[in-house]
Structure formats: C-alpha cells, structure tokens
Amino acid sequence: MKVLHIDCSLRTKGSFSRELSASFMRQLESKTVVTIDRLDLAADTPGHITQQYTEAMYISPELYTGEIKRELAMSDDLVDRLIASELYVIGIPMYNFSIPSVFKAFIDNIVRPGRTFLADENGFKGLLVGKMAVIINSRGGDYRDETTVKLDFVEPYLRMIFGFIGVTNVKFITIQPTLFYGEEAKQHALLHANNEILQTVEHLTVEN
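Right, here's the structure in full:
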C-alpha cells in the first residue's frame, strides 16, 4: 500500500495531531506492507499561489513554456504524489476554528483543472477516485454540541474539498478537547482517538 503521510502542525513538540498520525502509521506498518511518502508541511511549506500560477493552470499543456513549467513545478510534484498514493494519512490541528494556513497553501496547489478535477458543460468531476483519506484532527476545545458545532470549519470544508477532487472516502479521527476542559477530558479524548485508530487500521488491513 502506498501512503502519503502528511503533517501540518506548526508544533514539532507537544502536537497531538503529529503524535497520533505517527501512531497510526506505526500500527499500519505493523499490519501490512507499506510504502510511505512523507510530507511535513510545516518544514516544507508550499508557496502561495500567484497571479502567474492562476493563469498558467488554465493553459493547455502542449503550450507550456519553460516559465510556465517552472511556475507549476511545485503543484505538479504535489499532485503527482497524490496520484501515486492509495491512502492519505493527514495529521491536522484546528487553528482558529479552521485549518492551518500551510494546509490551505497545499490545497490551493493541488486543486488543479485537468489534473485533479475536470469541468465541462455537465459540471465538475473529481479525478482522484478510489483513494481514501484518514484525517486525524486535534482541537483544543470541544465542538460536538449544537452551539459549538457551528464553529467547526475544519471537517465540513475538508470533506467538501476532498470530495471535489474525487476523494469521497474520508475518515475523520477527531481528538477533542485537548486543552480547555482539564486533564481527565483530554485523556478520555486521547483514549477514544487511539481506539478509533486501532479500528481504522484493522478495517484497512482486513480489506487489503
């Protein structure tokens, strides 16, 4: 199984999303043969897209100049890595009710017409079909009741954007709360997340 393992927490120490995405990978490797493509977006952050990029991505490939190829090089590399992988394991914290800016830069580089989606008179069609994403999402607060769930802009957005490019099989493993509700609540959240990791790995390896 080819896995693209992504982390994007800016904290290299004390990050629950990093800790649990690493745990997921260790358990997956213990159960099946895995080829891992590692991407740490905090250390290797994609550049923000530019005007030149937005113009270049709508040019037919046969018309690419050297300048256009250079402008799209980072995006092409990231898209190639997505295409080559069967499973995406993503450790992602909630920052200010949404995703880290480094992950938004990643998304802006991989949502590409002709590469990850098509658009025609019938609408949009995602091209990354048959892939699965496991998103391990940590939150300092708890966003499960009818008031706080409205503040969660992580899961709805990521389900939409991955679905748009064809990845409709998305599993969220959410760790909440990790910060504001005391030690007991944090330990319960970690226990629940680790149990979900065990179940998800078991499900994946049985299927394969």
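Residue numbers (the working numbering): 648 to 855. Even glycine gets a Cβ: it sits at the ideal position worked out from N, Cα and C.
The DSSP assignment places no complete run of the beta strand (DSSP E) inside the region 690-724 (cut-off: 3 residues). In the DSSP assignment, M807 falls within the alpha helix (DSSP H) that extends over E802 to F811. Between K833 and T825, the C-beta gap is smaller than 8 Å, which places the two residues in contact. The alpha-carbon of E793 is positioned some 15 Å away from that of Q823. If you ignore the 5 residues before and after H652, its C-beta comes within less than 6 Å of the C-beta of M672, I683, R685 and V736, all in its own chain and listed in chain order. Taking the Cα of S664 as reference, the smallest distance to any Cα among L845, H850, A840 and L851 is reached at A840. In the three-state DSSP reduction, V650 falls in the strand class (E or B).
Taking A836 as the centre and dropping the five residues before and after it, the same chain places the C-beta of I822, Q823, P824 and T825 closer than 7 Å to its C-beta, in chain order. Going by DSSP, N756 is part of the alpha helix (DSSP H) stretching over S748 to I757. No Cβ-Cβ contact shorter than 8 Å links M721 with R759. Between A780 and V814, the gap from beta carbon to beta carbon is short of 8 Å.
Around F764, the same chain offers V758, F771, K772, G773, L774, F811, I812 and G813 as residues with beta carbons nearer than 8 Å, after the five sequence neighbours per side are excluded. For K778, the closest C-alpha among the options M807, N816 and K751 is that of N816. Of the other Cβ atoms in all chains shown, 16 or more fall within 10 Å of the Cβ of V848; this residue is therefore buried.
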